[in-house]
Amino acid sequence: MKKFNFRKVLDGLTASSPGGSAGGGGAGGGSAHPGGTAGAAGTPREEIQETLTSDYFQICKTVRHGFPYLPTALAFDPVQKILAIGTRTGAIRILGRPGVDCYCQHESGAAVLQLQFLINEGALVSACADDTLHLWNLRQKRPAILHSLKFNRERITYCHLPFQSKWLYVGTERGNTHIVNIESFILSGYVIMWNKAIELSTKTHPGPVVHLSDSPRDEGKLLIGYENGTVVFWDLRSKRADLRAYYDEAIHSVAWHHEGKQFMCSHSDGSLTLWNLKSPNRPFQTTIPHGKIQRDGKKPESCKPILKVEYKTCKNSEPFVIFSGGLSYDKACRRPSLTIMHGKAITVLEMDHPIVDFLTLCETPYPNEFQEPYAVVVLLEKDLIVVDLTQSNFPIFENPYPIDIHESPVTCTEYFADCPPDLIPVLYSVGAKHKKQGYSNKEWPISGGAWNLGAQTYPEIIITGHADGSVKFWDASAITLQMLYKLKTSKVFEKQKPGEGKATAEIVEEDPFAVQMMYWCPESRIFCVAGVSAYVVVYRFSKHEVNTEIASLEVRLQYEVEDIITPEPEIIPQFPDASSQLPSLKSLSGSTNTVACEGMMKDSIPCLSVKTRPVRMPPGYQADLVIQLVWVDGEPPQQITSLAVNSAYGLVAFGNCNGLAVVDFMQKTVLLSMGTLELYGSSDPYQRQPRSPRKSKQFAAGLTELSDSPVSLELERCKSPTSVKGSRKLSLPTDLKTDLDHVNGHCTSPTSQSCSSGKRLSSADVSKANRRGPGRPPFRKAQSAACMEISLPVTTEGYISRRAMLQQLHGISSFSHDERHCTAHTWMNKENRENSFSRSRSSSVSSIDRDSKEAITALYFMESFARKNDSAVSPCLWVGTGLGMVLILSLNLPASDDLRQSEPVMVSPSGTVLTLKGAVLTFACLDCTGTLIHPPYEVWRDPHSADDGEKTRKRKLVMHSPSSSQDMGDHQFAVICSEKQAKVFSLPSQTCLYVHNITETSFLLQADVVTLCNSVCLACFCANGHIMTLSLPSLRPLLDINYLPVTDMRIARTFCFSNEGQALYLSSPTEIQRLTYSQEMCDNLQDMLGDLFTPVETPEAQNRGFLKGLFGGSGQAFDREELFGEATAGKASRSLAQHIPGSGGIEGVRGAAGGVIGDLTRARIALDERGQKLGELDERTASMMASAEAFSKHAHEVMLKYKDKKWYQF
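Residue numbers (the numbering used here): 166 to 1375.
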């Protein structure tokens, strides 16, 4: 607790210092000296005690939700019932019952090739593409690596760990098989060399090892499958091959019958071969399940490779043969499929995405018993499904995990921690009515681990906006994620028929309904969406279904005074100098008369068509009003860069790089629609000079003159494809194409088409191979382009300037148009174009070239002091621009609620202008005690309630008066944060009390005023990866950690802060990463995470009968320790593999669960470490003994040599 009278002196000193560093408080932009505050603001300021200190803050990742990005491997522990998925980026996700979801990452980032559980041991082995094996300890809430083994001379291709064995078989690309001790992670000297395994007469190398498994009948026999079609049955005791089988097609996988007498292979020609150990010369059964049988009795035609087969037996029915692939080549359009053969019935399950791997879940972990399969887990490139094998129609289980976040690419996110508790059940109840039917009635089979609610009790909601126009509401309480409700915003528009695109006024070729911004008021349940096609939809929440027409409005936003829409004539006198602005405005917007058009000029046309007929709206969010920006004189509407709604005022405001519009959604009227410059009236403080070498009047030729800019290398990428010289053609993201095409109505490169055919760039001049794949948003960046012109260079980030970064972030990349044939690698490339979508401050690329255009980047409704020295608060709209200007608009609302529907609302500029460096990002108001003032809101009431009594029709407003005592509420603190600095002003005096220059060399991507521990702070995320918090109102730095490098534009456009120290971002196209910046939550995180390992008894093996034991298998017990141990097998070559101790030693277990399990884990690891040290000691002792023995031997030889010689013979 600190009082600030002493701090005043410090503030005065820092403010008067010339520089004002990133951590200092340099006053700028005409701010008043902090020491000389007005009397009204001075007295309470000394009384404000800030409770937050740096001790309240710490950053750590909490949990990751969604589908693992680019999956490569799958494993299941049948006793613990947990599932592990490995990915191409080196990540492992471990899933159990809902709530048990753990993410781990290999530091190398190498792709995971294979995963193997130590069944019921609480451990997992991962084999990675850098030829390293890792042993993970799962007996702690955050798994850690205990050991690693790096192969130096061979590449790992396949691993197999027999049940209840501590010896891991490792097959390599050279065809050799090595054996690793799981406990010490040291290589055994026992090696099965490929040239010993195959026949001496064989002249060719058998290829890499593609399969290893021990015989269910005899653990001393190992089945080795080689890629070229050779299968070797190796006797581990006698170190020779018992039998060899050859087939003329490459092998992809092998599966045993549980009795160990037969095995099945899948091949590259779509065939399955069944082999009997008694007659290995040829398969006793060969089938091509999907091959057409030839009439002349020839072999069926070959099919696509069967990549994996599993052969599972049942006690009371025919065995199951389950395989992936193997479809006929003539069905090119067939989707990837899983085939289930049960007896004579063949069922083909078609999948939406390519199959990566699948596993059959069986009742027993013992390979020599009837397997009794009950489900199949299928890992697809973008989905995880589980098929129920116990029902004849093979239904799928309803997936309880939130793995469909990426159903349509995520384009924006919002996070609400500590929201009203009644919202989650209400949203769930309306969302539950739309659930799909036909799922299996069995319980989800992946049910391992344990999870409890933890100490955190407040409700949390995450909202994701998507490229197809859908919006999903998720329950995110207690670090879980569950979908509540899905809203399809595209339903308010008419569907566009194929081929209509050229004739309509669309500005986005793909995903025209993509959600660009969202604004939600949880208290009033009003929801607002801004779409990429320059529209805003206002939704109200109702529990009742209605059938009604959708109200719509059209708004013209441009830079010319004559086009201001002024339904209320009283607004006009507020602009005394409007006429004097006219010449400069016209010159800035360019002369539209010069546009050469074929056909009619588009004017007053919206981009999309709203449905005119009555529409059935189910319970939930129902469209109340659609507002569309229209074409103006052949120029398309610019995309929306800021959005705000206030339910108490009944107003929605939105802006773009042209200007601002304010709409009354209660009366369905446009109150204000004007260019940014007109908002200033006579109080424009800027001399509007062009901020680049180009002249502002010539921005219509922006494409050909981009190279004049200091960032010409970056901008060169944005030239029209038709003007790119040489053979390389670029596929421009759609938004870049359209925006560049629409620089004054048409593309101005030397070879451009006129405006009506401007869209031909996407098809006529760009090769089809380079076109976008379907279903990705044509979006753009995280920042206002208009504000780049006044930003400082981003030298530290490798970008010449912020402008260069924005050009770079367009993500110009080429990829296959045909999604069916794209590999996971091309999918990764395809996802790159998602990185170019904009968050709330995006702006059109053409505005980069219109230096004098000033985008509206932030809006905020608030009860505030509009003018200097106002005596009372009044409704206001705070407007922030890309040039760092802050304007306050006064809102004159009808005096009584009865008149609200009939009397007009007046909107007028107050004349107040405040300035900051860089584009304005966020606003907030604090009362005189430093408490955050929430904007007023209307308490939710159902607009379609059956009870039409007076009580339900009366609006109930919550105005949030700062304090019950009026004398306490005579001033406020206004907190304003731009991409460069934060300022706190005292209102109504408009004195700048505090200023903090957040960054000089970079810029903020996100800033929010958030509550934490019953106090308030400013949280910032910077483009250089720093996460910072500042105290309020004094702007003292509390936290500054370089935590999250913006390696991907996706992070920049989806990062958002919430209350109670929560934040999130999209870490990949399919996953949401949540993190906390609260020390308290970091401390409590262990209690909130699920346990991956729970003590479970291993089921007993079935009692094998006397006769079966006598005749059915080897009577001799197999001791692997004796065979593979150092005493018998010797040591492996040191150069072959290198042992690396893991980080998951005692330190890694300190956070493990307490009690017996934790103690056992610690004891086990301590024993491992002790064993390791003893092993090292043993090695040293052995080497000393060997050298002593050698010395003794040499001494003995010398003695014998000279034994019988006389002294004179030496």
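Where a beta carbon is used, it is the ideal one built from N, C-alpha and C, also for glycine. All figures in this text were calculated on a predicted structure; none of them were measured in a lab.
Of the residues the options, which one's Cα is nearest the Cα of residue i?
i: ALA1172; options: GLU1245, LEU1086, CYS1093 and LEU1229; result: LEU1086
i: ILE505; options: LEU1091, VAL543, SER642 and LYS480; result: VAL543
i: MET683; options: TYR704, THR342 and VAL673; result: TYR704
i: SER313; options: CYS822, VAL810 and ASN346; result: ASN346
i: ALA1217; options: LEU1209, GLY634 and GLU1344; result: LEU1209
i: VAL1038; options: GLU714, GLU1068, PHE1138 and SER1110; result: PHE1138
i: PHE1030; options: THR1077, ASP522 and MET1071; result: THR1077
i: TRP1285; options: LYS651, PRO327, GLU272 and PRO243; result: This sequence places Arg at residue 1285; Trp is not what is there. Cα-wise, what sits closest to ARG1285 is PRO327.
i: PHE1222; options: PRO1260, LEU1058 and VAL1181; result: VAL1181
i: GLY596; options: LYS708, LEU408, PRO687 and ILE259; result: LYS708
i: PHE428; options: PRO454, PHE398 and HIS455; result: PHE398
i: ALA1188; options: CYS1178, ASP1035, THR254 and LEU1170; result: LEU1170
i: SER605; options: GLY1190, PHE562 and PRO236; result: PHE562
Determine the direct distance from the alpha carbon of residue j to that of residue i, and round the result to whole angstroms.
i: LYS1145; j: MET1214; result: 19 Å
i: VAL1104; j: ILE1053; result: 26 Å
i: ASN564; j: LYS368; result: 51 Å
i: ARG318; j: ALA256; result: 25 Å
i: LEU1091; j: VAL828; result: 27 Å
i: SER489; j: SER502; result: 6 Å
i: ASP930; j: TYR814; result: Unreliable placement is indicated for ASP930, whose pLDDT of 36 sits below 50; the coordinate value is still reported in the next sentence. So the alpha carbons of these two residues sit roughly 50 Å apart.
i: PRO1074; j: SER1055; result: 6 Å
i: GLN1066; j: ASN811; result: 16 Å
i: LEU1272; j: LYS331; result: Note that LEU1272 scores a pLDDT of 43, beneath 50, so its modelled location is shaky; the value from the coordinates is reported in the next line. Those two C-alpha atoms are separated by around 30 Å.
i: LEU315; j: SER1196; result: The displayed chain sequence assigns Lys, not Leu, to residue 315. C-alpha separation (whole angstroms): 48 Å.
i: LEU836; j: ALA1147; result: 31 Å
i: VAL1175; j: ILE1192; result: 14 Å
i: ILE691; j: LYS246; result: 43 Å
Taking 9 Å as the cut-off, decide whether the C-beta atoms of residue i and residue j are in contact.
i: LEU773; j: PRO624; result: no
i: SER418; j: VAL375; result: yes
i: LEU120; j: ILE1021; result: What is shown of the chain runs 166 to 1375, which leaves residue 120 out entirely.
i: ARG1120; j: ASP1062; result: yes
i: HIS343; j: TRP359; result: no
i: MET1253; j: GLY1226; result: no
i: SER219; j: LEU1203; result: yes
i: TYR222; j: ASN1224; result: Reading off the sequence shown, one finds Phe at residue 222, where the question assumed Tyr. Result no, Cβ atoms of PHE222 and ASN1224 do not sit closer than 9 Å.
i: PRO771; j: TYR700; result: yes
i: GLU483; j: ARG500; result: no
i: ALA406; j: HIS432; result: no
If you follow the beta strand (DSSP E) that residue i is in, where does it begin and where does it stop?
i: TRP1043; result: 1039-1046
Buried or exposed: which applies to residue i, given that a residue is buried once 16 or more other Cβ atoms fall within 10 Å of its Cβ?
i: MET970; result: Confidence at MET970 is low in this model, with a pLDDT of 48, below 50, so the placement of that residue should be treated as unreliable; the coordinate-derived value is given next. Burial call: buried.
i: PRO567; result: buried
i: GLY231; result: buried
i: ALA410; result: buried
i: SER1357; result: exposed
i: THR139; result: Since the first residue of the chain shown is 166 and the last is 1375, residue 139 is not available in this structure.
i: GLY274; result: exposed
i: SER769; result: exposed
i: LEU646; result: buried
i: LYS306; result: buried
i: MET839; result: buried
Taking the continuous alpha helix (DSSP H) assigned at residue i, which residues delimit it?
i: VAL375; result: From DSSP, VAL375 is part of no alpha helix (DSSP H) but of the beta strand (DSSP E) over 374-379.
i: SER594; result: 588-597
i: TRP359; result: 359-362
i: ARG1289; result: The amino acid occupying residue 1289 in the given sequence is Phe; Arg does not appear at that position. It spans 1285-1289 - the alpha helix (DSSP H) in which PHE1289 sits, taken as one unbroken run.
i: ILE1216; result: 1214-1219
i: GLN536; result: Looking at the DSSP string, GLN536 is not in any alpha helix (DSSP H), and its letter there is neither H nor E.
i: PRO234; result: Checking the displayed sequence, the identity of residue 234 turns out to be Tyr instead of Pro. Note, TYR234: premise wrong, no alpha helix (DSSP H); not H, not E.
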